[in-house]
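Going by the numbering used here, 35 is the number at position 35 of the sequence shown; the sequence numbering is gapless.
Beta carbons: idealized from backbone N, C-alpha and C, even for Gly.
Only one structure is covered here, and it is reproduced in the block below.
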Amino acid sequence: MPEILRTAVLAVMLCVGGAAAAAVPDTVQFPSADGRTRLTAYVFLPHQAGPRPAVVMLHGRAGPYSSLKRGQHDAGALTQRHRMWGRFLADRGYVAILVDSFGPRGYGDGFGRHSYDSRPPEVSEQNVRPLDAYGALAYLRTRGDVAADRVAVLGWSNGGMTVLAAMGPRPPGLTDPTPENGFRAAIALYPSCRFQAKQPDYKPYAPLLIAVAEQDDEVSPAVCRSFAGVLQLRGADVEFHWYDGAQHAYDDPGKTKQSHEPNRAAMQDTLKRVEAFLVRHLGP
């Protein structure tokens, strides 16, 4: 691994646990495209003057907040992973906005492992959370510090599933989707691909990056690998990465995950590839 990237990754991880973590992101509110829900989100700002490209970030099934601060649903309780990614993106010139889909609907503490079938329909990643993503996109386009035509979306696990649903040919919240009226690019980290894999006409309307962990015990990486291959045969612009030995949520910067070498290697490579992907499709 190049020493420059290794140093950058270490700096980001130290930033999360050190003094720089005191720079709490801005808290904003805006309507979901569902027309009913007022969402809360957290904005990490770059140092560069705007307008800048932006990234909408979508949390996984556990929600955006740390389980160590259960019941606290604010910017000071965001998980290490979300803070790390927010600062990583902001430090590279992107306005990064983390959307809380669960708290405004009464599920601020998120959901446990293997709870998919018992989750309420009002937090569905197939037909509800994509509306939150497009609500965030609409909000960003009202900001003077955001380049309205250069916005990507990134999601983890259930948030990655939301990304896949939002990028399809008939996504909730957007008619006749194109990179011009929707997202310029999309990133899904260790999602379940099972729903979109069953859709014979599914093809993302913008470039898509999917990354999966070989030892994932929550979703099937093999389904995503097959799915990515099918999408490429359909002519989609899809970049796929498979990480041997890595586990679900391998990019969690906490000691438990990062003590496992395949997780650490996967996180470092993912940061590098996401940065390159965003530069390619949004510009620096």
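Rounding to the nearest angstrom, what Cα-Cα distance links Pro179 and Phe102 in this structure? 27 angstroms
Let me know the secondary structure DSSP gives Met57 once reduced to three states. strand
Quick one: give me the first and last residue of the alpha helix (DSSP H) that Glu239 is part of. Element bounds for Glu239: not the alpha helix (DSSP H) but the beta strand (DSSP E), 238 to 243.
Suppose you measure from the CA of Pro64 to the CA of Ile210; what does that come to, to the nearest Å? 21 angstroms
Looking at the structure shown, is Gln80 part of a helix, part of a strand, or coil, going by DSSP? helix
Contiguous alpha helix (DSSP H) assignments of at least 4 residues, all confined to the segment 156 to 189: 158 to 166
Per DSSP, cross-strand counterpart(s) of Thr40: Gln29, Asp100
Stretch pair the segment 179 to 191 + the segment 150 to 165: three plus CB contacts closer than 8 angstroms: yes
Among Gly93, Val28, Lys255, nearest to Gln48 - alpha-carbon criterion: Gly93
Could you spell out the range, first to last residue, of the alpha helix (DSSP H) harbouring Val212? Looking at the DSSP string, Val212 is not in any alpha helix (DSSP H); the run it does join, the beta strand (DSSP E), is 208 to 213.
For Arg105 and Ala266, the rounded distance between their alpha carbons: 33 angstroms
Run through DSSP, which three-state label would Val230 get? helix
Candidates Ala96, Ala222, Pro46, of which the one nearest Tyr139 by Cα: Ala96
Have a look at the DSSP bridge pairing and note the partners of Arg225. None; Arg225 has no bridge partner.
Beta-carbon proximity check, His248 vs Tyr190, cutoff 8 angstroms: yes
With distances taken Cα to Cα, identify the nearest neighbour of Gly108 among His59, Leu282, Gln80. His59
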